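Following the UniProt record's numbering, the numbering of the sequence shown begins with 1 at its first residue and continues without gaps.
For glycine and all other residues, C-beta sits at the position ideal for the given N, C-alpha and C.
What you are looking at is a predicted structure, and each value in this text was computed from that prediction instead of being measured.
First comes the structure, then the notes that go with it.
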Amino acid sequence: MEAGVDPFTLLERPLESFKQKGLTDDLVKMAHATHLKTRAAKIDALLKDRAKLPIGFKPNKKKDFAVATKPKKGESAVEAAMKLLGDEKGVEKIKEAAAKVEKQRLKMEADRKRYEALEDQIQREYNAKMAAVNARAAAVKDEMARKEQQRLDDQIAKGKAQAKAADKFEVDERKHALQKLEEEMAELEVQRKAALREKRKEEKREREREQAELERRAKMALLAAKKEQAIEHLRLEVEERAQRLEEFQSELTSLRAERLKMSRDGPNLPDRIKANLERQQAVQERHKEELIMMRMAKDAHAAAGRVTADNSEKRAEQERISAEKRARVQALVEAKTRSKMEKIEAHKARQEAYAVKLEKDRKKEAARKKVEEQLKVAERMERVQNVKRKKEVYLARLRDQTAEKMGRGSLFSGTKKAMAKERYDSNCDRALKESVAKFEASETLRVATRERWLAAEMDKKRLNDAIGKKQTAQKPKPKPAPSPAPASYKPTPPASVTASQQVSQPASRTVSQAPSEGSMASYAAAKKLEEAPAPTAPISSDDPTPPMEPSSGEEFTRSFETEELEPPVVPSAEPEGERTRDTMDSIDDSLEVIHL
1 MEAGVDPFTL LERPLESFKQ KGLTDDLVKM AHATHLKTRA AKIDALLKDR
51 AKLPIGFKPN KKKDFAVATK PKKGESAVEA AMKLLGDEKG VEKIKEAAAK
101 VEKQRLKMEA DRKRYEALED QIQREYNAKM AAVNARAAAV KDEMARKEQQ
151 RLDDQIAKGK AQAKAADKFE VDERKHALQK LEEEMAELEV QRKAALREKR
201 KEEKRERERE QAELERRAKM ALLAAKKEQA IEHLRLEVEE RAQRLEEFQS
251 ELTSLRAERL KMSRDGPNLP DRIKANLERQ QAVQERHKEE LIMMRMAKDA
301 HAAAGRVTAD NSEKRAEQER ISAEKRARVQ ALVEAKTRSK MEKIEAHKAR
351 QEAYAVKLEK DRKKEAARKK VEEQLKVAER MERVQNVKRK KEVYLARLRD
401 QTAEKMGRGS LFSGTKKAMA KERYDSNCDR ALKESVAKFE ASETLRVATR
451 ERWLAAEMDK KRLNDAIGKK QTAQKPKPKP APSPAPASYK PTPPASVTAS
501 QQVSQPASRT VSQAPSEGSM ASYAAAKKLE EAPAPTAPIS SDDPTPPMEP
551 SSGEEFTRSF ETEELEPPVV PSAEPEGERT RDTMDSIDDS LEVIHL
């Protein structure tokens, strides 16, 4: 079956199985011989194919293979795949990883609740920003609609102008075409008249040629008649001359004969003249003899007719002989006719027998061809069935292989997807932990810095109050007028406060800008600032406004009393121009998205 051959067709069939109604023994034997020949050829082909197979070859059998199924409740797809593949170590590792993931999930749940409040705040800021962006986008959209309407109006006006120009061009073109048509018609009319004149001239010339031809024919007929008359006259003249010449020759011949007779030198004439005369005399003698023989034959025929008419008995005898001759001839003709008819009948019989034989041979050949055609059709059908069976075997194997490959592929795909999902979850957990750690570190640093700054300021205040009270108690003096502070003096916050606010402000701004899809550039810049290490070093000596130290306790007290204790102004992490530019970039990106 793998080669497409049905084993049942390899069995030898007996001769009786080929007998059918209307088939002769020869055809049955021929069909049986064809069957044996085909069977031998099939067996030889199968033996050759089997000889090509390696030693110990066995046909492929359907194998069981792993099929990916839905994971059970409480286990992951990777764990199910490992169990299916029989990997116990992998299952243990997966269980450990699942326990870790569960712990991380609980921690992440707590973090999620903590950050929901922060997400709400960020969402409110984002909504306010998007409201401004949407308002500007609406204005820009209205402006673009106005420009588009203006452009459409300009195009419509331009189209109308083009249509008007096209109509004018069409009118001019039609006018030019009509003018050109009139000129062509006038030219055609002139040509028609010229052709008509030429035709009339040609007809006149044709009539003149016909008239000249008739005149020529009349002249030729007249000349022919005159020529015939001249020829007839010339013939008469020639005949007359010939007669006169003949008479002259006869007279000349008689004259010469008389002269020869009268001449005593006649025997001594030249031999030529003598020969001519003898030849002429011989011709005349022969002509005379022919005329005499003809005359004698006519006389004999006339005499025989006269004798036959006079003798009736002889005529009756001749009639009897003639009748006998006719009877014999008739009998001979009838005999020949009968023999000919017999021959025709025999030939017809032979032809009919040959036709019957041909018909039998034709029927026999037709039956043989029919049987051969049936055998060929059966062979073709068998080949088709062999191919079909081979194709079915191939399709069955292909289905098995495809099912096996699909099972393995689905198992591999499911395992790969599960591993990718777990890897993605672990990456998300790690990123979230890092972000939370950064945020907590920045908040802790900011709070600690603020507390240290407040403690230092309170210590300074208590110290200054104590110093001021002590000096007032020792030597009371009137209060002098407060001197204005220098224009370039600004209170400088501590370095720790500045650094903590520089770290916390970009982080909060980055989080607020994260939901905006159109502010990717500013978000990337804020991300870089967030990832940058926080400056914890003391204030550099290059600061243009270093802290001022009092020259004495009295001057320090006076300056402290004239100034109010205000919280230090924390400088922004980035200049105001760059912040505005980032905001404008985000708004432009949003407008571009809306336009698209």
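Best match in the options for proximity to residue i [C-alpha to C-alpha]
i, options, result
"GLN374", "LYS193, PRO7, LEU23, ALA135", "LEU23"
"LYS433", "GLU96, ILE55, LYS29, TYR115", "TYR115"
"GLU422", "VAL101, ALA33, LYS52, ALA45", "VAL101"
"ARG256", "ALA224, ASN276, MET381, ARG328", "ASN276"
Within 8 Å, strictly: CB atoms of residue i and residue j
i, j, result
"THR9", "GLU379", "no"
"VAL371", "LEU27", "yes"
"ASP49", "GLN385", "no"
"residue 604", "VAL447", "This structure does not reach residue 604, given that the chain is present from 1 up to 596, and the question cannot be answered."
Straight-line gap, residue i to residue j (C-alpha atoms, nearest Å)
i, j, result
"ALA138", "LYS129", "14 Å"
"GLU203", "LEU234", "45 Å"
"ARG430", "GLU109", "14 Å"
"LYS388", "ALA41", "20 Å"
"GLU208", "GLU228", "30 Å"
"LYS93", "ALA99", "10 Å"
"GLU148", "ASN127", "30 Å"
"MET458", "ASP465", "10 Å"
"LEU11", "HIS35", "10 Å"
"ARG136", "ASP142", "10 Å"
"ALA349", "SER339", "15 Å"
"LYS175", "PHE169", "10 Å"
"ASP153", "MET144", "14 Å"
"MET296", "ARG326", "33 Å"
"ILE122", "ALA131", "14 Å"
"ALA367", "GLU359", "12 Å"
"ALA186", "GLU215", "43 Å"
"ALA33", "HIS347", "41 Å"
"ASP120", "LYS103", "26 Å"
"ALA242", "ILE231", "16 Å"
"GLN351", "LYS357", "10 Å"
"ASP44", "LEU53", "15 Å"
"GLN155", "ALA166", "16 Å"
"LEU118", "CYS428", "19 Å"
"LYS180", "GLY159", "30 Å"
"TYR394", "THR402", "12 Å"
"THR444", "ALA456", "18 Å"
Terminal residues of the alpha helix (DSSP H) in which residue i lies
i, result
"VAL28", "25 to 52"
Residues near residue i in its chain [Cβ-Cβ closer than 8 Å; skip 5 each side]
i, result
"GLU184", "none"
"ARG13", "HIS32, HIS35"
Own chain partners of residue i with C-beta closer than 7 Å, once the 5 adjacent residues on each side are dropped
i, result
"GLN20", "none"
"ALA31", "PHE18, VAL371, LEU375"
"GLU251", "none"
Beta-carbon proximity list for residue i, same chain, < 6 Å, skipping 5 on both sides
i, result
"PHE439", "none"
"SER413", "none"
"LEU178", "none"
"LYS461", "none"
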